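Enquirer:
2 protein chains.
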Amino acid sequence: MARKAIGRSVPRVDAYDKVTGRAKYTDDLADRNALIAKILHSTIANGLVTKIDTGRAEKLPGVVKILTCFDVPDIEFPTAGHPWSTDPAHRDPTDRKLLNRRVRLYGDDIAAVVAEDEVAASRALRAIEVQYEEYPAATDPEEAMRDGVPLLHEGFPNNILERHSVLDGDFDEATKEEGLIRVEGTYQTPTVQHCHIELPTSYAYMEGGRVVVVSSTQIPHIVRRIVGQALGIPWGMVRIIKPYIGGGFGNKQDALYEPLNAWLSVQLGGRLVKLELSREEAFYGTRVRHAVKVHITSYVRPDGRIVARDAKFVSNQGAYGSHGHSIVSKCVTAFRQLYNDERAKRAEAVTVYTNTATSGAMRGYGTPQSVFGMECHADDIAARLGIDPMEFRRMNMMPVGYTDPFSKNVNWSDSFNQCIEKGREYIGWDRKRELYRNQSGPVRRGVGMSLLWYNTAVWPISMEVSSCRMVLNQDGSVQIQLGETEIGQGADTVFAQMTADTLGVPFESVHVVSTQDTDITPFGTGAYGSRQTYVGGMAIKRTAESLKGKILRFASERADTGPDALDIDDGFIVRKGEPGSALFALSELATDVLYSMEHSMHFTAEETVQAKSNAYSFGAGFAEVEVDIPLAKVRLVDIVNVHDCGRLINPQLAAAQVHGGMSMGIGYGLYEKMLYDPGTGKLLNDNLLDYKLSTIMDHPHLEALFVENPEPTSAFGTKALGEPPTVPCAPAIRNAVFHATGVAANENPLTPHVLFPLFKAAGLIG
Amino acid sequence: MARKAIGRSVPRVDAYDKVTGRAKYTDDLADRNALIAKILHSTIANGLVTKIDTGRAEKLPGVVKILTCFDVPDIEFPTAGHPWSTDPAHRDPTDRKLLNRRVRLYGDDIAAVVAEDEVAASRALRAIEVQYEEYPAATDPEEAMRDGVPLLHEGFPNNILERHSVLDGDFDEATKEEGLIRVEGTYQTPTVQHCHIELPTSYAYMEGGRVVVVSSTQIPHIVRRIVGQALGIPWGMVRIIKPYIGGGFGNKQDALYEPLNAWLSVQLGGRLVKLELSREEAFYGTRVRHAVKVHITSYVRPDGRIVARDAKFVSNQGAYGSHGHSIVSKCVTAFRQLYNDERAKRAEAVTVYTNTATSGAMRGYGTPQSVFGMECHADDIAARLGIDPMEFRRMNMMPVGYTDPFSKNVNWSDSFNQCIEKGREYIGWDRKRELYRNQSGPVRRGVGMSLLWYNTAVWPISMEVSSCRMVLNQDGSVQIQLGETEIGQGADTVFAQMTADTLGVPFESVHVVSTQDTDITPFGTGAYGSRQTYVGGMAIKRTAESLKGKILRFASERADTGPDALDIDDGFIVRKGEPGSALFALSELATDVLYSMEHSMHFTAEETVQAKSNAYSFGAGFAEVEVDIPLAKVRLVDIVNVHDCGRLINPQLAAAQVHGGMSMGIGYGLYEKMLYDPGTGKLLNDNLLDYKLSTIMDHPHLEALFVENPEPTSAFGTKALGEPPTVPCAPAIRNAVFHATGVAANENPLTPHVLFPLFKAAGLIG
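So this is what it looks like as structure tokens:
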């Protein structure tokens, strides 16, 4: 039998092209004669544009057109990368125009210049004169919620975008139990940015009366709909093309500047207009991770069993709705799933508009925030009770066999314990917890851990669907097209592996059409929700089986046997169950059927699969740190993530996903935070010199370990791995610092600014 | 009921983009940093390259790589744009390498330079030194066939590529009938070139280990196979992309330089290499129309009825095989079909290699040559018998009800007589034949006519297949993808019209994906054989019906009725037979089905249709000329083509096809001929200054008339119109000159060089 592709670390299908620089990204594809668009951003954080004088700017050489917030259509549109819902109650906030007269953050988009080159466009920006009516700015949600603070959006009193609460069990009754210990804590996560290598870039032009946008996006089919909505044109009049992209991490799960870019081209009669953001613009003008503050109150028995918990989440939405309340809703879901309170749990969440960068989707989608709170809190409880934090977790975490009443997700396996065991052994938990127990001196070590929970795909919150098409070539190789997107994570390679094994052809015979083009690519919603191997895998399986069925029916004529007696193995038609019995090559058959004078057929297959399931993905993270107390500085000594993402399609790519997520998690735990000037609302560190992104220089060896419990609901046994790796690192680091120093910091990143006052208050620094 | 798209002269779908210059052609799409390839051509017409010294050229700045005929793979490949045949007996000649050491024409490809720019490439060409062993060249087939003449290709004695003969009836017996009049004539047609506006242009690069060629071709799927063959790699490792192209007329129904271009890129590790020919190179280095000489002997009764005919065709193939003998085979087929000899016919055809430009496919594919011979001959017979040439034709032409025993084609209607009547009336045949009967003086007028016969598609000679895919958008509009190609003729528009009416949506709701990409576009063989509306139409009909079926099944759930009770009209779901009864909009339904939480589906449809039929296309052409006898100059006064191409999908586009074909036919009759220096074999007029292409300045008003007899075997009642218009003009003009002067010229074009000696011999010039 042929060597299977699944389970092997085959090289990425795009490895050579990407390493040699031959792979084409949006900017590589744009016509060199493209007109250049640049955006004029507001220099106040809150207020109203009263006048824009473009007179001087328009006279500058090379300036083609200037359009302002006074010119745009009076349409407010949503930007979140969710499937459209035919139910208005399930739609995303629609609160943004192409350019905004009502300015809501420092850096809001108020005008756009289109010029023949970058220099002319930049000069024009400087020559535009703007007058504002300015209002006080609120950058903090608690401040923004106060009565009397100017409202960012009409119809949202106290700047509250949305609020909801949940209750499981009888909370009041549960907390009356005698002997319960009440533990409380408030945990604050920072605003951080995705910092993908490729900045948001697009270009737009018209063709056949329709507008085409080539864009670095995770969600081409969704962007098509949003551009249609923003411009007020039928969605079929829009075509989105997505080439290779240099990372997204959720930022490109929003329609960012595609609608504006499309509109600018339309205003110029369809001339090709390119719009590439600077790093600075990406920081304040695209999306960031919601800063979430959570206050948790737990009621536990002295033996460590949680009886009830209450959590109150406050989420900083920033200036515009984007994914809005759905991120803090995921915080609440994570809160409800990770630990199995014996009697009750209660949560409340509020999302608040502020005059800061718009928060949207980012790897983990609320889970990093929620898990940071819960997992810091877990160690706080364990410390209070004097029990091992690992044992505390084992006692309370979601048990095997748990079935969620809403999503119907099942915890099929003992994944948590298996992950914990692997991490425990790798990090030397028992020895080090003991070894580092009673340290003195200025430099101390500690180990900490965190669990992680995630789900796979978005059903039943949203529709889940994926379509796939396969085309058989005359040499027996196949192309595969999928609406799901390669965004740097290696999706194309994994799709090719799935196709190869289902169809029975060598991995090298599968050619992935990496570019999505909404005119031709089967519909899929794109890269988000750690959904692609799960939902896309279902579509691939069904499509490959359909194609295989057609091939075998034709083969059976030639083999003079029923199609059920045949199979395909390693590119050969074989007798079923006899992989070595090559009857004839698929390549021969493929040529024959196409050129048959009798019944010429172009063998292709196309299938849509709607996923009506979802799957739990589990894991645990462990960190060892060395804390220099006088410097209030943390050095990460060792770190490991252990994941159960089901069956590993490509172990090397899986590990790479984990490494990337860990890097992001380390930055979240130790370095990254967007800082605003409280007076002006201006972002202070909108570049990669001032914003401390975690890089390889800051990392120890990153260890990625796996537990493989194939997921029964998944076509290939897989479940989420894209987002989970970023989740456990920050709380594991925080808990390691707690272990090392006895100081429980409740705010990340753990910079010297955070730690110094805590160490001082704890008497560690004189 | 909605206004149907079929039958209306809707504007071309690409009109606006093409008029504004926004439509992208191959060269527009090539990266500006492309490396530039140029070809070194031989300066002898026959011989062997013994040495190439590239030393000096390689040292020139900007030169990247020079490859010669000593470097290419030892693979001889076919170039003809025919579907591959699994039967070796039905394959095209394989007699060409990527670069040829054995030189067979003046201008053969012997080396290629790849450089950073055009200037460096051109300088390098001049710096390469070549040594040859030279043989005598033969530019004329009769010379090339002589014993002892050097053979161009091994295994082809007397340079004969192929020879065949056919016999219907008992010729010897038939010609023994008493009282028969024997009429003989020899008719010679010239070598002409297609002269499409866009020169053959391509660029190639590698992606994912495969080679991609973007090319101005009529036949992307076929070129894929040929590039695979030429490079000796599996066909699936090749991807061909065809953007808009600026005309082809059959020249681009060959793989021209795509194989060389692909190979050059592969030799450079996949760097992007562009290869654009000059007009001069297009003349000698691509393809030309076969010059055919035919000798016809007819046996007719005094009343004009043909009893038997014999024809002997000699076809000049030029240096390489290309479509080879199949063109002169079509000459023979036309000879057998147009006239209905009462008792017998006999034909013999031979295709001969010569040291001239390679002959290939060109609009009409042998028919212009054959019909020129037959229709000159028809007038010669009529004159000899003293009967009206129109009456002579009516007496002998293919009768209504005729069924061809091989193709099974049926002459369903009295098309010939209907076309003749329309033309007769337009040109004022009866009056002018009488009026111009007895002219004297130096300037005289005449009217002439010609019939035309053509068939549609290539079945049963070759496989005929077309695949189509349709994609429903969320606004109820659709994309259509087809392997058949827009080459400037308006195919995309006609495909959109067919789709709109079959599906029941407005014409504006159909978006044609014009670009073919062999990785994703359904298989179709491309633009040739006047096949696309016929075979592509079948694929469109079946695919649109399939998509409609899916839509109506979903609609029936909502309408609470069976799908058979519903229909789609003007973009609305209606009750069948009640076009006005809009139940709901397709746009609404399309959004609903995609975003359904119940059963989300991406509605697409894909179908392959193998055509196992073919259809006759008929017509007649009439011309009126004014001949200045002393100057031996012909002025075309009036000209009309009357076609029965079945149902007209788009009358304006149909007329445009006819106008273009007439222009080409006028050039064929009056101006165009490639001239070789008999000593060196060098083409003397390889540019548009020296080669007299027929242009609008040379034309009178071009009248296109139609007779519409819908073809029963055709999905939309259509049959061939792409090629037929070019057929009747040259013989009609020749017969008009004959009528005006009494001089029967048997060689076109009717330049003063041809006419002067004839007028002199006839005593018209003193």
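As you go down the protein sequences, you meet chains Y and R in turn. Position 482 (the first sequence) corresponds to 482 in our numbering; numbering is contiguous. Position 269 (the second sequence) corresponds to 269 in our numbering; numbering is contiguous. Beta carbons are placed, not taken as given, at the ideal position from N, Cα and C, and that holds for glycine. Keep in mind the model is a prediction, meaning the values are calculated, not measured.
How would you call Asp690 of chain Y, buried or exposed, if buried means at least 16 neighbouring beta carbons within 10 angstroms?
Expert: exposed
Enquirer: Taking Leu547 of chain Y as the query, report the chain R residues whose CB atoms sit under 9 Å from its CB, ordered along the chain.
Expert: Simply none; closest approach about 12 Å.
Enquirer: From Leu149 of chain R to Glu143 of chain R, what does the alpha carbon distance come to, in whole angstroms?
Expert: Here residue 149 of chain R turns out to be Val, not Leu, going by the sequence shown. Cα to Cα, the separation comes out at about 8 Å.
Enquirer: By the 10 Å Cβ neighbour count, where 16 or more other Cβ atoms means buried, how is Ala89 of chain Y classified, buried or exposed?
Expert: exposed
Enquirer: Taking C-beta pairs closer than 8 Å, name the residues in chain R that Tyr16 of chain Y reaches, listed in chain order.
Expert: Ordered by position in chain R, the residues that pass the 8 Å Cβ test against Tyr16 of chain Y are Gly208, Gly209.
Enquirer: Any Cβ of chain Y within less than 8 Å of the Cβ of Ser326 of chain R?
Expert: no
Enquirer: How should Ser216 of chain Y be labelled, buried or exposed, when 16 other C-beta atoms within 10 angstroms of its C-beta is the threshold for buried?
Expert: buried
Enquirer: Under the DSSP definition of a beta bridge, which residues are partnered with Met470 of chain R?
Expert: R:Ile480, R:Ala605
Enquirer: Tell me which residues of the stretch 590-616 of chain R have at least one Cβ-Cβ distance to chain Y shorter than 8 Å, keeping chain order.
Expert: Thr591, Asp592, Leu594, Tyr595, Ser596, Met597, His599, Ser600, Met601, His602, Thr604, Glu606, Thr608, Gln610
Enquirer: Ignore the nearest five residues each way along the sequence and tell me which others in Ser329 of chain Y's own chain have a CB closer than 8 Å to its CB.
Expert: His164, Ala349, Gly366
Enquirer: Against Pro136 of chain R, what residues of chain Y qualify as contacts under a CB-to-CB distance less than 9 Å, listed in chain order?
Expert: Within chain Y, no residue comes near Pro136 of chain R; the closest Cβ sits about 41 Å away, beyond 9 Å.
Enquirer: Tell me which residues share the same chain as Leu503 of chain Y and place their Cβ nearer than 7 Å to its Cβ, disregarding the 5 neighbours each side in the sequence.
Expert: Val478, Ala544, Leu547, Lys548, Ile568
Enquirer: By Cβ distance below 6 Å, which residues in the same chain neighbour Asn251 of chain Y in space, the five residues on each side in sequence not counted?
Expert: His194, Thr286, Arg287
Enquirer: Considering just the uninterrupted stretch of the alpha helix (DSSP H) at Val227 of chain R, what are its terminal residues?
Expert: 220-231
Enquirer: Is any beta-carbon of chain Y found at less than 8 Å from that of Ser407 of chain R?
Expert: It does not: the Cβ of Ser407 of chain R has no partner Cβ on chain Y nearer than 8 Å.
Enquirer: Residues in the stretch 448-475 of chain R with C-beta within 7 Å of chain Y's C-beta atoms, listed in sequence order?
Expert: From the stretch 448-475 of chain R, only Met463, Val465, Ser467, Val471, Asn473, Gln474, Asp475 have a Cβ closer than 7 Å to chain Y.
Enquirer: Does DSSP put Ile39 of chain R in a helix, in a strand, or in coil?
Expert: strand
Enquirer: Any idea if Arg776 of chain R is buried or exposed, counting beta-carbon neighbours within 10 angstroms, 16 or more meaning buried?
Expert: One cannot answer for residue 776 of chain R here, as it falls past the ends of chain R, which runs 1 to 766.
Enquirer: Lys550 of chain Y to Asp380 of chain R, Cα distance in whole Å?
Expert: About 59 Å.
Enquirer: Can you name the residues that DSSP bridges to Gly248 of chain Y?
Expert: Paired residues: none, contrary to the question.
Enquirer: Determine whether the Cβ of Pro73 of chain Y lies closer than 8 Å to any Cβ atom of chain R.
Expert: no
Enquirer: With distance defined between alpha-carbon atoms, name the residue in Y:Asp74, Y:Val211, Y:Thr68, Y:Glu375 nearest to Ala334 of chain Y.
Expert: Y:Glu375
Enquirer: Report the start-end ranges of each alpha helix (DSSP H) in the stretch 512-545 of chain Y that is 4 residues or longer and not cut off at the edges.
Expert: Segments of the alpha helix (DSSP H) lying fully in the stretch 512-545 of chain Y: there are none.
Enquirer: For a minimum of 3 consecutive residues, which ranges assigned as the beta strand (DSSP E) are wholly contained in the stretch 604-668 of chain R?
Expert: 604-610, 615-628, 633-644
Enquirer: Can you tell which of R:Glu606, R:Lys612, R:Leu670, R:Glu723 has its C-alpha closest to the C-alpha of Val658 of chain R?
Expert: R:Glu723
Enquirer: Report all residues from its chain with a CB closer than 8 Å to the CB of Phe756 of chain R; omit the five preceding and five following residues, and keep chain order.
Expert: Ala632, Ile765
Enquirer: From which residue to which residue does the beta strand (DSSP E) around Thr68 of chain R run?
Expert: 63-68
Enquirer: By the criterion of Cβ-Cβ separation under 9 Å, what are the contact partners of Asp519 of chain Y in chain R?
Expert: Val471, Asn473, Gln479, Gln481, His511, Val513
Enquirer: In the DSSP output, what is Lys293 of chain R paired with across the bridge?
Expert: R:Gln188, R:Val314
Enquirer: Just checking my contact of Leu482 of chain Y with Ala539 of chain Y at CB under 8 Å: how many whole Å lie between their CB atoms?
Expert: 7 Å
Enquirer: Can you give me the Cβ contacts of His377 of chain R inside the same chain, cut-off strictly under 6 Å, excluding the 5 residues immediately before and after it?
Expert: Gly185, Ile296
Enquirer: Going along chain Y in order, which residues have a C-beta closer than 9 Å to the C-beta of Ser85 of chain R?
Expert: Tyr595, Met597
Enquirer: In terms of residues, what are the limits of the alpha helix (DSSP H) holding Trp263 of chain R?
Expert: Trp263 of chain R -> alpha helix (DSSP H) spans 258-267.
Enquirer: Restricting to runs no shorter than 3 residues, where is the beta strand (DSSP E) found entirely within the stretch 565-590 of chain Y?
Expert: 566-569, 572-575
Enquirer: What residue range is occupied by the uninterrupted alpha helix (DSSP H) comprising Lys390 of chain Y?
Expert: Position check: residue 390 of chain Y holds Met in this sequence, whereas Lys was assumed. Unbroken alpha helix (DSSP H) run through Met390 of chain Y: 389-396.
Enquirer: Here's a check: name, in chain order, each residue in its chain whose Cβ is nearer than 8 Å to the Cβ of Glu162 of chain R, leaving out the five neighbours to either side.
Expert: Gly324, His325, Val350, Thr351
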